[in-house]
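Asks:
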Amino acid sequence: MHTTERSIRFLFRVAGMALAAAWILALPSARAALAATEVRFATIAPQTFPYYAGMAKFKEVIEKKHPGKFSVKLFHSGQMGDERKIEESILQGSVHIGIGAGAFAGFAPIMDIVELPFLIKNQAHMEAIATGPIGKRLAGIVAQQSGFLVLTWFSTGDSTIQTTKVPVRKPEDLKGIKIRTMPNKAMEAALKAMDANPTPLSYLQVYTGLKQGVIEGSTVDWMSIKTQKFYESLKYATNPDNAYLAEPRPVIISKKWFGSLPADVKKAIQDSLLEAAAYQRKFFLDEQTKAMEEMKKKGMVVTDIDVNAFLGKMKPVWESYAKTLDESGKSGSAAQELVKEIIASRPK
């Protein structure tokens, strides 16, 4: 009899503990503690573009090193909207990580500085900026100007000048040519200084724009020429050893969302992004080299430019734009100082 009573009491205790556990797990705070942290990482670029390789590496690294603690969802090809929409979604919390490009300067005006043509020489120069004090300083200014944090930097390759009509060796070769540009005042000013006709056009419209003659040239990277089949229209390109653009692209995250995370989650995200970014920058450079050789085999002609002639046209643009940015009250004296630092760091 006593044995039976003890068994019944034991069963009641077990049932009670099970009910208590079920009740605790029903609480939102308990569910959140057990659930994996979802991280949504978005880009307008297609899966074939090296941004995605870096995103995939981030997912691989963080989920492997922290099993069950993170669920990374990757969105490519504009699945979450255009660049501006993605950046707005990061601030709103429906996307967590993105890659800032030309339109990002609308949130952090200082980013226009690294978009100044010919200021950053090439990928080697960009790598030194991304991993050194200039990159840290730039990230700090972005945080002051916006609701974003820059956790690391991706490569966007070496953008060169391409045309459908003429080889480009000196600025005068661009006179009157309709060159596609992002809606970016710094880039438009630079192209005007070379007597080109800057024509703002979405990246997604470049292929059609080239085919229809809306634009007669572009300033994209070699991977875009290959993967987006721009080579079907483009015939000439300048050598990436002296790039039109070689800017680091900020991997951005919302201050608000990142600040709400526990310290160990923040560290896992930051460490994994740093590892992924180092991989992505090298991957992009390797792929760029291969893409350029493939395009040459398809008939594209690569020309060396008169570097001093281009720098002579660009330096007044750099200085004027940086001064205007500072005088607008958007950056203190940071823009002019940053231009000087980048010029001083240029490889010979």
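Note that the sequence shown covers residues -32 to -1, 1 to 316 in mature numbering (1 follows the signal peptide of the UniProt record, and there is no 0).
We put the CB at the ideal spot given by N, CA and C, even for glycine.
Which residue comes first and which comes last in the alpha helix (DSSP H) that contains L59?
Replies: E51 to Q60
Asks: Could you tell me the distance, in whole angstroms, from the CA atom of G61 to the CA atom of S222?
Replies: 8 Å
Asks: According to DSSP, simplified to helix, strand and coil, what is N165?
Replies: strand
Asks: For I220 and A107, I'd like the C-alpha separation in whole angstroms.
Replies: 10 Å
Asks: Tell me the rounded alpha-carbon separation between K37 and A3.
Replies: 7 Å
Asks: Could you tell me the alpha carbon to alpha carbon distance between A(-3) and V40, rounded to whole angstroms?
Replies: At A(-3) the pLDDT is 44, less than 50, meaning the model places this residue with poor confidence; the figure from the coordinates comes in the next sentence. Cα to Cα, the separation comes out at about 21 Å.
Asks: Tell whether a beta-carbon distance below 9 Å holds between T187 and M155.
Replies: Yes.
Asks: Measuring straight from C-alpha to C-alpha, what distance separates A111 and S240?
Replies: 20 Å
Asks: Counting only the same chain and skipping the five closest in sequence on each side, list residues whose C-beta sits under 8 Å from that of H93.
Replies: A214, S313, R314 and P315
Asks: Could you say which of I88, M268, F226 and A303 lies nearest to F198 if we only look at CA atoms?
Replies: M268
Asks: Pick helix, strand or coil for Y212, following the three-state DSSP scheme.
Replies: coil
Asks: Tell me whether A73 sits in a helix, a strand or coil according to DSSP, three-state version.
Replies: helix
Asks: Can you tell me the Cβ-Cβ gap for F43 and E55, rounded? I've got them flagged as a contact below 8 Å.
Replies: Going by Cβ atoms, the distance from F43 to E55 rounds to 13 Å, so no, they are not a contact pair.
Asks: Taking the alpha helix (DSSP H) that Y289 falls in, what are its first and last residues?
Replies: Residues V275 to E295.
Asks: Can you check DSSP and say which residues form a bridge with D189?
Replies: S127
Asks: Which of the three DSSP states, helix, strand or coil, is assigned to residue 318?
Replies: Outside the shown range of the chain, which is -32 to 316, sits residue 318, and nothing can be said about it.
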